[in-house]
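Quick note on numbering: the numbering used here labels position 39 of the sequence shown as 105, and the sequence is numbered without any gaps.
C-beta: ideal position from N, C-alpha, C; glycine also.
These figures come from a predicted structure and were not determined experimentally.
A short worksheet on the structure shown next.
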Amino acid sequence: MDKNTNSSEPQGLTSQQVLEILQNGSIEAEHGMMRWSSNYTFLLSINHDERSVMAVYKPQKGERPLWDFPDGMLCKRELASFITSEVLDWQIVPPTVLRQGPHGLGSMQFFVEHDPELNYFEFDEEKMTQMRHMCAFDILVNNADRKGGHCLVDGQGHVWGIDHGITFNSSPKLRTVIWEFAGEPIDDILLTDIERLCTQVDNQKGTYRQALDQLITEREIHAFQHRIQSLLKSRKFPQPGPGGPNYPWPPV
């Protein structure tokens, strides 16, 4: 399988331009809270140099405490997931930054315009090809909440993944609806990307590793390295674990 060729640049802007707007732009308007979210989540308009984007803002102080994740770190995991997607060059996570907003420090992520009725369970064969990347990504970042509704299709047909606040736990937490590829070999081109990720994580003086050190714990980084190495060794998508639960609830 070729590398993900259905890549998409948001609104005709490059990813770097979107990141600049998200990081340095002024907040023009707050459009209210996104009511279906588990944590406080707001939709904003951000403008910079006469360019505007919509962004999903998740303030740190609006995070619901979880027994198995450190308090106040979910927004940092959103950014950790984005920079990991960038190192892999898979364009899974929309452009994301960590910055101050109307309710304090939080993650700001480019809002992907999409059909809310179209989710993972409605995908055709072409979309499922893209899902191999997302499946491998979720294994690597230990995603505990890959619901079908967290897979968004933009206007160019590219599939984006959102809601990565509960990732990178040091304990096995993988809960996902994407089990179609269990036991199948991972394509060589994906393995090459994962090998590059392995090198970047191991390089303690590198930009990626130094950023990761600020976003997740040392123990979580070691567990991340172990997951990478395990996937490279097996070269297969894993089966659901015997301990469960292996699926998120609700699934959409």
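Asked, Found
"Are the CB atoms of P168 and I93 nearer to each other than 9 angstroms?", "yes"
"Who pairs with N235 in a beta bridge, going by DSSP?", "Bridge partners of N235: none, in fact."
"Under the assumption that R117 contacts I87 (Cβ atoms under 8 angstroms), give the Cβ distance between them as a whole number of angstroms.", "6 angstroms"
"Evaluate N23 with the Cβ neighbour count: other Cβ atoms within 10 Å of its Cβ, from every protein chain shown; 16 or more gives buried, anything less gives exposed.", "Given a span of 67 to 318 for the chain in the structure shown, any question on residue 23 remains unanswerable."
"For I149, which residues of its own chain have a beta-carbon under 7 angstroms away from its beta-carbon, when the five flanking residues on both sides are left out?", "Y274 and A277"
"How far does the alpha helix (DSSP H) with E94 in it extend, from its first residue to its last?", "First-last for E94: S92 to M99, but that is the beta strand (DSSP E), not the alpha helix (DSSP H)."
"Using the rule of at least 16 other Cβ atoms within 10 Å of the residue's Cβ for burial, across every protein chain shown, is F135 buried or exposed?", "buried"
"By alpha-carbon positions, which one of P125, L281, R198 and K142 ends up nearest to W226?", "R198"
"Identify whether L171 lies in helix, strand or coil by the three-state DSSP scheme.", "strand"
"Evaluate the contact criterion for the region 219-233 versus the region 289-308: three or more CB pairs, one atom per stretch, below 8 angstroms.", "no"
"Report yes if the CB atom of N141 is closer than 9 angstroms to the CB atom of L164, and no otherwise.", "What sits at residue 141 in the sequence shown is Cys, not Asn. Against a cut-off of 9 angstroms, the Cβ pair of L164 and C141 comes out as a contact."
"Terminal residues of the continuous alpha helix (DSSP H) containing V267?", "D254 to D268"
"Counting C-beta neighbours from all protein chains within 10 Å, is the total for D115 16 or more, i.e. buried, or is it exposed?", "exposed"
"To which residues of the same chain is Q295 closer than 8 angstroms at the C-beta, ignoring the five residues directly before and after it?", "C264"
"Are V119 and L171 close, meaning C-beta to C-beta below 9 angstroms?", "no"
"Can you tell me where the alpha helix (DSSP H) holding L278 begins and where it ends?", "T273 to D279"
"Between which two residues does the alpha helix (DSSP H) containing C210 stretch?", "The sequence given here places Ala at residue 210; Cys does not occur at that position. Premise fails: A210 is in no alpha helix (DSSP H) and is neither H nor E."
"Going by DSSP, name the residue or residues bridged to L110.", "E96 and A121"
"Return the CA-CA distance between H224 and M100, expressed in angstroms with no decimal places.", "23 angstroms"
"DSSP has V163 in a bridge; who is on the other side?", "M174"
"Which whole-angstrom value describes the C-beta separation of F203 and L154, a residue pair presumed to lie in contact below a C-beta threshold of 8 angstroms?", "7 angstroms"
"Classify E250 as helix, strand or coil using the three-state DSSP reduction.", "coil"
"Does DSSP put G227 in a helix, a strand or coil?", "strand"
"State the CB to CB distance for the pair L323 and L281, rounded to an integer number of angstroms; the pair is presumed to be in contact (CB under 8 angstroms).", "Within the shown structure, residues of the chain are numbered from 67 to 318, placing residue 323 beyond reach of any answer."
"Taking the alpha helix (DSSP H) that V153 falls in, what are its first and last residues?", "L140 to L154"
"Assuming the contact rule is C-beta atoms closer than 8 angstroms, G249 and Q305 should be a hit. Round their C-beta distance to whole Å, please.", "6 angstroms"
"At what residues does the alpha helix (DSSP H) containing L298 begin and finish?", "E284 to S300"
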